[in-house]
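Student: Anchor point for the sequence shown: position 99 equals 106 in my numbering, and the numbering is continuous, going up by one each time.
Quick reminder that beta carbons are idealized off the backbone N, C-alpha and C, glycines included.
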Amino acid sequence: MNKKEQLKSELEKITKSVITLLQAFEYCYYLNYPKDDEYLDEKHLKYISNSGFFSFSRYALWRVTIMELNKLTNDNKKTEKYNLHLILRKLKKGGTYQSIGITDSKILEWETELKKQSESIDQVYKLRIKLYAHTDNDYKNIIDNSELTLKATQKLINTIVKIVFEIYQIALNTHFEFKPIYEKKTLRKIIDDILNKLESDKQKTIEKFIENANRENYS
Numbered sequence: 008m009n010k011k012e013q014l015k016s017e018l019e020k021i022t023k024s025v026i027t028l029l030q031a032f033e034y035c036y037y038l039n040y041p042k043d044d045e046y047l048d049e050k051h052l053k054y055i056s057n058s059g060f061f062s063f064s065r066y067a068l069w070r071v072t073i074m075e076l077n078k079l080t081n082d083n084k085k086t087e088k089y090n091l092h093l094i095l096r097k098l099k100k101g102g103t104y105q106s107i108g109i110t111d112s113k114i115l116e117w118e119t120e121l122k123k124q125s126e127s128i129d130q131v132y133k134l135r136i137k138l139y140a141h142t143d144n145d146y147k148n149i150i151d152n153s154e155l156t157l158k159a160t161q162k163l164i165n166t167i168v169k170i171v172f173e174i175y176q177i178a179l180n181t182h183f184e185f186k187p188i189y190e191k192k193t194l195r196k197i198i199d200d201i202l203n204k205l206e207s208d209k210q211k212t213i214e215k216f217i218e219n220a221n222r223e224n225y226s
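(1) Which value, in whole angstroms, describes the spacing of the CA atoms of Glu190 and Lys42?
(2) Does the segment 34-53 come close enough to the segment 203-210 to have 3 or more Cβ pairs within less than 8 Å?
(3) Identify which residue in Ile114, Ile164, Leu38 and Glu118 has its Cα closest to the Cα of Ile177.
(4) Between the C-alpha atoms of Leu28 and Lys211, what's the straight-line distance to the nearest angstrom?
(5) Look up Lys42 in the DSSP assignment and give the residues it is bridged to.
(6) Helix, strand or coil, according to DSSP, for Lys15 in the structure here?
(7) Between which two residues does the alpha helix (DSSP H) carrying Leu157 extend?
(8) Nearest to Lys11 by alpha carbon, out of Ile174, Ile217 and Ile188?
(9) Decide yes or no for the touch test of the segment 56-74 against the segment 100-117: beta carbon pairs closer than 8 Å, at least 3 of them.
(10) Comparing C-alpha positions only, which one of Leu76, Gln13 and Leu14 sits nearest to Ser125?
(11) Alpha carbons only, please: which of Ile73, Asp199, Tyr40 and Leu91 is nearest the one belonging to Ile170?
(12) Rounded to a whole number of angstroms, what is the C-alpha to C-alpha distance between Lys122 and Asp200?
(13) Do the segment 61-80 and the segment 156-168 touch if we need at least three Cβ pairs shorter than 8 Å?
(14) State the CB to CB distance for the pair Leu68 and Ala31, rounded to an integer number of angstroms; the pair is presumed to be in contact (CB under 8 Å).
(15) Out of Ile197, Phe172, Lys20 and Gly108, point me to the one whose CA is closest to Tyr37's CA.
(16) I need the boundaries of the alpha helix (DSSP H) containing Lys100, first residue and last residue.
(17) How many angstroms separate the CA atom of Phe172 from the CA atom of Phe183?
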């Protein structure tokens with residue numbers, strides 16, 4: 008296996024984490040801010056907040072988001088084998104993949120972009136510890152009480168995707184389209200279908216009640 012093949016193998020492992028991260032965050036974001044175009048859908052938000060299943064899903068998806076972000080950004084050589092910091096070091100002169108020939112200036116650009124996200128990366132690590140230690144059933148406030156906002160998380164994810172995309176492009180002369188397998192509109196349709204079914208059942212119950220009441224009154 009030559010160096011490009013080795014790098015491709017490492018990038019494929021990182022890519023799996025990125026895709027999992029993107030899917031988890033896509034649904035997590037919608038379950039927190041269910042928007043219809045530009046407007047918050049209060050009906051969806053109320054249903055999500057009152058649903059045990061969707062409340063737990065919101066927490067579980069946030070947990071997956073944090074775990075995958077930590078794997079990709081935690082610069083710990085002992086515990087995180089496939090992370091961006093390690094890949095960038097390997098691409099430098101003297102590194103495993105120096106022969107691939109990515110310029111020092113480009114690697115410095117990527118490192119600078121990661122440094123700009125250092126506060127969010129630190130918060131991800133702290134959140135990972137908190138989430139592993141979380142043992143009670145109060146899932147609803149996990150994200151609300153987090154120091155890492157969803158918007159800051161989105162910026163960090165965008166940085167990761169940009170760097171990995173450019174490594175594919177420059178080092179392997181190819182590209183990988185990074186996007187969730189299922190978009191939030193899929194989740195929106197599921198909730199729409201549930202709400203429509205609930206409304207339909209409610210209307211049928213009312214109609215049945217009126218029908219029975221009329222039968223009793225006029226029989």
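Tutor: A quick look at the data gives this:
(1) 13 Å
(2) no
(3) Ile114
(4) 42 Å
(5) Leu47
(6) helix
(7) Leu157 to Ala178
(8) Ile174
(9) no
(10) Leu76
(11) Leu91
(12) 44 Å
(13) yes
(14) 5 Å
(15) Ile197
(16) Segment: none, Lys100 is in no alpha helix (DSSP H) and carries neither H nor E.
(17) 6 Å
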